[in-house]
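Residue numbers (the working numbering): -14 to 708.
First the structure, in the form of structure tokens, and then the observations on it.
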Amino acid sequence: MLRCLIGCFQPRSLRHSLKDFACNMVAHPVKGLPLLSALLLGFFSILSQTLIVRALLSVFSGNELIIGLVLSLWIAFTSAGSIICLRLKPERFTIALGFALSGPLVQVLLALSWYVYPLSGLSFGEVIPLYKSMFFIVILLFPLCFIYGALFPLVVRYFSLSPSFVYGLESLGAFLAGGTFSLFFAGTVPDRLLVLFLSLFSMALSVWIAGRRVLLPLIVIPLVMHIFLPDSTKEVMAGQIVQRDYSKEGEVIITEREGQKNLYVSGKHLFSFPEPRSEEILTHIPVLFSRPDRVLIIGGSPLLALKFRSYSSSRVTYLQFNKRVLELTLKELKERQRSLFKESSWLRPVTEDARAYLKRTDELYDIIILNSAFPTTASLNRFYTMEFFRLVKKHLSSEGVFCLSLMAVPGYMSEEMALANSTIYRTVKSIFPHVRITSMEYALLLASTRPIGLNQKRLDTLFKAPSLSLRYLDSSIIEDMFSPLKRERFERLLLEGRQLNTDRHPVSYLYNVLLWAETHGGGWMKLVLKNPLISLLMIVLLLGLVVLSTACSVRKAEASVLFSIGFTTLSVVTLSAFVYQSIRGYIYEMIGLLTALYMLGSALGAIGIERLGNAKRRLPVILSLFILLLGMYLFFSKTEAGLWLFVFLFGVMGGALFGVSTAAIERVEIAYALDLSGAFFGALTVTLFLFPLFGLNYTVGFLVYLNLLSLLLVLKRGIKRGI
């Protein structure tokens, strides 16, 4: 993010610099302080970013679009701090003060982040409008990001180090932080404890840099803050928190209110229990269409699985992706229920991702119930895509039935709800030849490879068998649920949509953008949705003009390259976070490693291209390779390993391009502004417009177009000069 400073000074040999660093740290700790400061700057920065993104994901109910907003604002504010502090006189005390403030600021941010709800006049679970979300994120991030940005030039100038070498060490520290967190700390150490350690170490480094033992008592400040800062989560969440723990998939919280318990992961409500009415309906309605011999339940409360004990022939497999969710839920069940769940021979609990389980097993099921929460986040959306429904279809027996729930409404269905429901309905119909729905008050969807109809014999048994002990389900509910008039009305609404839900174009992101827009009018988004191709054409032309105008205003083709690579690189990092969600179902533990891996590649690329010498003539070739690699993103992003490899290679190419392009711009602040503006607008455009509306393929195509435009300008410049 501070690439524009690379190339302003002649870098030292990387090999000799690393050798000096190791020798100085071992033999002369004080002499090694400048290099340690650069390394820990990257370590503290990326660890802070990771913890903050995780916290804000929980605050905003798991909405992954927050990742793009945080990344765009993070780079804007750190860059602003770096530019402004280039004019300040570097002093030892200023650097020490920066490190001293950074850790406690993260403590304050995480402790108070949930207060955005009362400050917005809203209760937890309500949608915070986009403009308010942006405002609060700006307030929370600006002080910390500004300090981290300011520390970079201060360390470079005060300790007389090469900017490229400091950037390399900072990137190495960032990589170590991301890797350490993802591999060792995520899901095992509470975030508040990690923030405490970060604050203690940053305060200790501050005292060391200041070189005054009298300041040692300041190290207790983080401890005092840890003890006395309020936990805004407890004050804002509805109900009393009865269980709270951390997992790799996110923070797990169980609250209790009026006898009902609600489970959240990363702030997203997954299920409530007990819910006897919905559990009774979800258990017995599928049985009207297929025998309950082999049953697979995906997600939701384990109490649903226990309902099938009423059928003596049932053999139930209960899938829960998060082991901690199952453990904490079982603790809250009654002793008898807990014993039944653990000891029943007919019930098999499996803690595994549903996609992974269906890919490895050959078992067929008579009933498959998707009991997951509605896909308002990407981690849930992956259970409602064409790819997942194909897996389900493979595991249905010849007489099997697949059952899932749409958003149920008693009457009026909002535009965003209609979009989400119709998309899932059409997606199911594209995979299963026979689909049946209930009225919208219940919003159940049943699908099969054979014609499905109510089995009158099973219906008679349902109300006569004393072992079923029905309390809520009766003939009037069945009649209302399958009323031809109500079903026809609901189906007409569902058929109005045209979109299909896929891994490459998840409906969850568009749903969240619509919710954001709806909370403050939503007129602009509705206009965009009704005219998607015209909207895409307008942004293609607009950003094309921006690229051309940057080249004309600076009178350098390299200016367009700087804007384009800034736009593209942060867009790709943001896209990779979204794609990772589709592959694994969670980004909670890997956010830091993803960003750090890109930064490491970027630093290596920038340093490597400088060592080649006279790299300016190679700009067309490097840019062409960059575009070729970008086009291969659709192939790399199909697997987790491919995604990690691409992020690193893309960082290397982006860093090399930056080093070459910056050398041609006389004024560093202009180069910096171009890269900054491109990165900022790239993350925002991809997050709020391109990816939600058009999906991955069109978004990557747009990024290729933007860089091809820059390549044409570079080639045109070369032809004129005879290069």
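C-beta: ideal position from N, C-alpha, C; glycine also.
Being a predicted model, the structure only gives us computed values, none of them experimental.
query: So, under 8 Å CB-CB, G396 and I353 are touching, yes? Tell me the CB distance rounded to an integer number of Å.; result: In fact, because the Cβ distance is near 30 Å, the residues do not count as touching under 8 Å.
query: Nearest to K379 by alpha carbon, out of R411, G551, S357, L343?; result: L343
query: Check for me: the alpha helix (DSSP H) holding R323 runs from which residue to which?; result: 320 to 328
query: Pairs of beta-carbons, one from the stretch 693 to 702 and one from the stretch 73 to 82, closer than 8 Å: are there three or more?; result: no
query: Which full runs of the alpha helix (DSSP H) of 4+ residues lie inside the stretch 150 to 203, going along the chain?; result: 176 to 195
query: Starting from the C-beta of T408, find all residues in its chain whose C-beta is less than 6 Å away, skip the five residues before and the five after it, and write them out in chain order.; result: G482, Q484, N486, V492
query: Measure from the alpha carbon of E464 to the alpha carbon of each residue in A290, I270, P277, then state which is nearest.; result: I270
query: Hey, how far is the Cα of L168 from the Cα of V272?; result: 44 Å
query: Need the endpoints of the alpha helix (DSSP H) that P19 sits in, please.; result: 18 to 44
query: Can L578 and G284 be called in contact, C-beta distance under 7 Å?; result: no
query: Does N247 come out as helix, strand or coil in the three-state DSSP assignment?; result: strand
query: Rounded to the nearest angstrom, how far is the Cβ of V394 from that of M425, given a contact under 8 Å?; result: 6 Å
query: Could you tell me whether the stretch 231 to 242 touches the stretch 304 to 321, using the rule of 3 or more Cβ pairs below 8 Å?; result: yes
query: Near R421, which residues of its chain fall below 6 Å by C-beta distance, leaving aside the five closest residues on each side in sequence?; result: L431, I437
query: Within its chain, find whatever has a CB closer than 6 Å to the CB of L681; leave out the 5 residues flanking it on each side and keep chain order.; result: R489
query: Which residues bound the alpha helix (DSSP H) around Q92?; result: 77 to 97
query: Compute the Euclidean distance between the alpha carbons of R(-12) and G153, then round it to the nearest angstrom.; result: Caution is warranted here: a pLDDT of 43 is assigned to R(-12), below 50, making its placement in the model unreliable, and no coordinate value can be reported.
query: Whole angstroms is fine: what's the gap from G586's alpha carbon to S382's?; result: 49 Å
query: Give me the residue from I594, K623, G639 with the minimum Cα distance to I612.; result: G639
query: For R421, write down the residues that DSSP places opposite it in a beta bridge.; result: L431
query: With DSSP collapsed to three states, give me the class of D465.; result: helix
query: Using DSSP bridges, identify the partner residues of I576.; result: Beta-bridge pairing links I576 to no other residue.
query: From the DSSP output, in three-state form, read off Q566 for me.; result: helix
query: Under DSSP, the beta strand (DSSP E) around R242 begins and ends at which residues?; result: 235 to 242
query: Taking the Cβ atom as the reference point for each residue, do V227 and I212 lie within a distance shorter than 7 Å?; result: no
query: Suppose you measure from the CA of S567 to the CA of G196; what does that come to, to the nearest Å?; result: 49 Å
query: Which residues in the same chain have their Cβ closer than 7 Å to the Cβ of V671, if we skip the five residues on either side of it in sequence?; result: G53, S556, T559, L560, T684
query: Answer with buried or exposed for G663, where buried requires no fewer than 16 other C-beta atoms within 10 angstroms of its C-beta.; result: buried
query: Does at least one heavy atom of the ligand ADP sit under 6 Å from the Cβ of P395?; result: Here there are no bound small molecules, and the ligand ADP is not part of this structure.
query: Which residues does DSSP list as the beta-bridge partners of H254?; result: Y249
query: Check the C-beta distance from L129 over to L90 and give it rounded, since I have them as a contact under 8 Å.; result: 5 Å
query: Which residues in the same chain as G667 place their Cβ atom closer than 7 Å to its Cβ, once the five residues preceding and following it in sequence are excluded?; result: G551, F552, T553, L555, S556
query: Cα-Cα, which of L700, S108, Y565 is closest to R603?; result: L700
query: To which residues does DSSP link T302 through a beta bridge?; result: L281, R333
query: Does the stretch 108 to 120 come close enough to the stretch 131 to 144 that 3 or more CB-CB pairs lie under 8 Å?; result: no
query: Apart from the five residues on each side of it in sequence, which residues of its chain come closer than 8 Å, Cβ to Cβ, to E625?; result: Y565, I568, R569
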